[in-house]
Amino acid sequence: MKLSVPKETAAGERRVATVPEAVKKLSADGVEIIVDSGAGEEAHLPDGAFSEAGAKVEAGGGFSGEVVAKVQPPSAEEIGRLSEGSVLIGFLQPLTDGETARALADAGVTSFAMEAIPRITRAQSMDALSSQATVGGYRAALITAQELGRFFPMLTTAAGTIRPAKVLVLGAGVAGLQAIATARRLGAVLSAFDVRSAVKEQIASLGAKFVELDIGLEDAESAGGYARALTDEEQQRQREALADVIAGMDGVISTAAVPGRRAPLLIIEDAVKRMKPGSVIVDLAAETGGNCELTEAGRTVVKHDVKIVGPENLPSSMPDHASQLYARNVQSLLGLMVGDEGQLHLDFDDEIIAGACITRDGEIVHEGAKKAAGVTTEAGG
1493 MKLSVPKETA AGERRVATVP EAVKKLSADG VEIIVDSGAG EEAHLPDGAF
1543 SEAGAKVEAG GGFSGEVVAK VQPPSAEEIG RLSEGSVLIG FLQPLTDGET
1593 ARALADAGVT SFAMEAIPRI TRAQSMDALS SQATVGGYRA ALITAQELGR
1643 FFPMLTTAAG TIRPAKVLVL GAGVAGLQAI ATARRLGAVL SAFDVRSAVK
1693 EQIASLGAKF VELDIGLEDA ESAGGYARAL TDEEQQRQRE ALADVIAGMD
1743 GVISTAAVPG RRAPLLIIED AVKRMKPGSV IVDLAAETGG NCELTEAGRT
1793 VVKHDVKIVG PENLPSSMPD HASQLYARNV QSLLGLMVGD EGQLHLDFDD
1843 EIIAGACITR DGEIVHEGAK KAAGVTTEAG G
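If you read the sequence shown in the numbering used here, its first letter stands for residue 1493, the second for the next number, and so on.
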């Protein structure tokens, strides 16, 4: 099997889909790896490092393999470079990017979305959403500390004692839990809120106080461990109750998301108005509409004397370790695709292979992608 890894072309993307460590392990399994020249430069991985690990470095060779591993969804030009019958692995945004799914199906490409991998125990090593969310949560805590004009930890000095900063994390998924852990290490006093009662113990184990809102809301966890979408009435009660909590915080890190939908609105303008001047909000959901009513994706703005940061693609800001983690996820998935003697073998009876597959045999086969592409089940894809 030939695996090729192109240089990412999306604006601001610094990650790469494989690293020398993964190249060595895949090569040992009989996989031939071709890496596009310069593919790892932004992640501080020179061509020589890939060559030494056993990969062939070739200018323009990123789409020459029967399997192509990427980070970002392919552009129209990149899809045009994929050969019919080839396999594509990467983040493909199947629930929201129907156009890419249609184009891949039309090109006869068998595609697998890393974000569609089933959330089962056997697939944990392939969970790229979690690995990249770990990076995002870590960076969000650092951004909050950097942008806040106050110390995070309590300091006792000759000039008196400085009280620790109070930080609230909204959403206790992987990104939120990592944000809690990192901000806690920096010395802040942490509180956290999530609509899923199951995460209360996880929050407490990291040294944060679980915020309980008396709004008559039952547990809101859906299948797969994600938070379910709340009703309009539930959301309004939640926002108003959260505003009271947010008012006493120095920093807020919001990470709440519902797959395939706009991010839930949690921080209303009134909540921002009630925060102390100089406070900071870092909204990790900026790319999908934002958890804060005043967030502007890709920008840092000041509203009502509060700094609101709307970062995009935070994992790319730490390309070294983000690439390393992602490469391990891809390597684990490839482990299910490599048969005897390094041959490509796709077993669609395997629930991971079947669940992650977006297009196959010229059709969109993933139900969420079908909906995004406007393809009805009756039409047969």
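Glycine residues also receive a C-beta, built at the ideal position from the N, C-alpha and C atoms.
* Residues in its own chain within less than 6 Å of A1479 by CB, not counting five upstream and five downstream? -> A query on residue 1479 cannot be resolved here, the shown segment of the chain reaching from 1493 to 1873 and no further.
* 7 Å Cβ shell around Q1835 - same chain, five flanking residues per side excluded -> M1493
* Under a three-way DSSP split, which group does F1685 fall into? -> strand
* To do: Tell me whether the beta-carbon of A1865 lies closer than 8 Å to the beta-carbon of A1608.
  => no
* In this structure, does DSSP put G1652 in helix, strand or coil? -> strand
* **Residue-level contact to chain B via CB, N1783, 8 Å cutoff** => Judged by its chain identifiers, the structure shown contains no chain B, having just a single protein chain.
* Asked: Alpha carbon to alpha carbon, what distance is there between A1848 and A1605?
  -> 5 Å
* Asked: In this structure, what does DSSP give as the bridge partners for R1820?
  -> DSSP lists no partner for R1820.
* To do: Kindly provide the ranges of any alpha helix (DSSP H) runs that are 4 or more residues long and lie completely inside the region 1503-1528, ordered along the chain.
  => 1512-1520
* Pick helix, strand or coil for I1745, following the three-state DSSP scheme. => strand
* Hey, V1559 and L1621: beta-carbon distance below 8 Å or not? -> no
* Asked: Taking contact to mean at least 3 C-beta pairs separated by less than 8 Å, is the region 1664-1671 in contact with the region 1754-1761?
  -> no
* Residues near Q1694 by beta carbon distance below 7 Å, same chain, minus five either side -> A1664 and L1669
* Contacts around E1843, its chain only, beta-carbon distance under 8 Å, and the 5 residues preceding and following it disregarded -> P1610 and I1612
* Check whether the Cβ atoms of Q1816 and V1497 sit closer than 8 Å, and answer yes or no. => no
* To do: Determine the burial state of G1582: buried for a count of at least 16 other Cβ atoms within 10 Å of its Cβ, exposed for fewer.
  => buried
* Return the chain-ordered ranges of every alpha helix (DSSP H) run that is complete within the region 1571-1622 and spans a minimum of 4 residues. => 1590-1598
* To do: Can you grab the Cα-Cα spacing for the pair G1802 / E1788, in whole Å?
  => 6 Å
* Cβ neighbour criterion (16 or more within 10 Å) applied to I1654 -> exposed
* **Sequence ranges, alpha helix (DSSP H) only - wholly within the region 1720-1783, length at least 4** => 1724-1738 and 1761-1765
* To do: Round the Cβ separation of R1506 and E1534 to the nearest angstrom and send it over; I've been treating them as touching at under 8 Å.
  => 4 Å
* Can you say whether M1829 is buried or exposed, counting buried as having 16 or more other CB atoms within 10 angstroms of its CB? => buried
* Can you tell which of E1524, I1635, V1579 and H1858 has the C-alpha that lies nearest to the C-alpha of S1746? -> I1635
* Asked: Contact between the region 1809-1828 and the region 1566-1575: three or more CB pairs below 8 Å?
  -> no
* Quick one: Cα of A1735 to Cα of A1632, how far? -> 21 Å
* Under the three-state reduction of DSSP, which class applies to R1852: helix, strand or coil? -> strand
* **Buried/exposed call for A1871, threshold 16 Cβ in 10 Å** => Low local confidence applies: a pLDDT of 43 at A1871 is under 50, so the model's placement there is unreliable, and no value is given.
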